[in-house]
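Working notes for the structure below.
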Amino acid sequence: MYLDVKRLDIKRLHVDTTTTLIVMEDEVDRLVAAWRRERPDLDVEPLEVLSRVSRLARHLDRARRLAFSEHSLEPWEFDVLTALRRAGSPYQLSPGQLLTQTLVTSGTMTNRIDRLTKKGLVERLPDPSDRRGVLVRLTDEGRDRADQALAGLLDQERAILAELSKAQRGELASLLRQLTAPFDNIPG
Numbered sequence: 001m002y003l004d005v006k007r008l009d010i011k012r013l014h015v016d017t018t019t020t021l022i023v024m025e026d027e028v029d030r031l032v033a034a035w036r037r038e039r040p041d042l043d044v045e046p047l048e049v050l051s052r053v054s055r056l057a058r059h060l061d062r063a064r065r066l067a068f069s070e071h072s073l074e075p076w077e078f079d080v081l082t083a084l085r086r087a088g089s090p091y092q093l094s095p096g097q098l099l100t101q102t103l104v105t106s107g108t109m110t111n112r113i114d115r116l117t118k119k120g121l122v123e124r125l126p127d128p129s130d131r132r133g134v135l136v137r138l139t140d141e142g143r144d145r146a147d148q149a150l151a152g153l154l155d156q157e158r159a160i161l162a163e164l165s166k167a168q169r170g171e172l173a174s175l176l177r178q179l180t181a182p183f184d185n186i187p188g
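Note that the sequence shown covers residues 1 to 188 in full-length UniProt numbering.
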């Protein structure tokens with residue numbers, strides 16, 4: 001991650017005689033100002049938050065792809081491998097459990113399991129509690145790749161959050177949780 005100093009627009013706001021607060025203007029500020037100028041009849045306040053969330057999501061997606069590519073993984077492969085890794089030893093789940101965690105169709109999941117099996121990252125085993133069922137288990141190679149990619153991802157994410165203090169990160173997480181929780185509880 002880098003900062004393009006040519007596009008950096010810093011405004012100094014004097015808080016009091018002993019403190020100077022530096023506020024960086026971003027592209028969203030310019031977008032909001034333009035809409036307020038062109039459409040003063042509209043309340044564009046949601047743009048101030050959600051446009052930033054959207055822009056940040058694009059940066060995060062790039063960081064995720066970089067972290068995964070360094071370990072020869074696609075984002076969907078990382079999602080399946082880490083779902084199995086989070087399950088704990090012996091790092092296995094049924095295809096149905098994987099569906100629930102990765103939000104894909106059963107046909108898509110079957111294809112993904114097939115592809116990961118061919119790469120030697122997972123294996124299919126008979127389910128001892130259901131003669132017709134199978135379990136998908138992480139191989140040692142799959143666990144190592146998932147662990148390495150996760151460490152790389154966390155490094156990328158820490159870099160994105162570096163501008164915030166620990167308290168600010170906690171506050172942001174809490175606020176975002178308020179926005180995402182209702183969607184996480186919608187059936188289907």
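Cβ atoms here follow ideal geometry from the backbone N, Cα and C, with glycine treated the same way.
Item	Value
Proximity to Arg143 [Cα-Cα], best of Ser165, Arg52, Leu73 and Leu99	Leu73
Sequence-distant residues of the same chain with beta carbon closer than 7 angstroms to Thr17, five excluded per side	At Thr17, the pLDDT of 47 sits below 50, so the modelled position is not reliable and the matter cannot be decided from this model.
Close Cβ partners of Glu157 (< 8 angstroms) along its chain, the five nearest in sequence each way excluded	Leu60 and Ala63
Separation of Arg39 from Tyr91, as counted between CA atoms	54 angstroms
Contact set for Thr82: own chain, Cβ-Cβ below 6 angstroms, skip 5 residues either direction	Ala146
Residue from Leu42, Trp35, Arg37 and Glu48 whose Cα sits closest to the Cα of Glu25	Glu48
Glu70, enclosing alpha helix (DSSP H) - first and last residue	Segment: none, Glu70 is in no alpha helix (DSSP H) and carries neither H nor E.
Exposed unless 16 or more other CB atoms sit within 10 angstroms - verdict on Trp35	exposed
Val136 vs Val122 beta-carbon contact at 9 angstroms	yes
Span of the alpha helix (DSSP H), counted from its first residue to its last, around Val80	Pro75 to Arg86
Presumed contact (8 angstroms Cβ cut-off) between Leu99 and Val80, rounded CB distance	With 8 angstroms as the limit, Leu99 and Val80 do not qualify as a contact, their Cβ atoms being about 10 angstroms apart.
Proximity winner among Gln148, Asn185 and Arg177, relative to Ser69 (alpha-carbon distances)	Gln148
Nearest-angstrom beta carbon gap, Leu138 and Arg85 [assumed within contact, 8 angstroms]	6 angstroms
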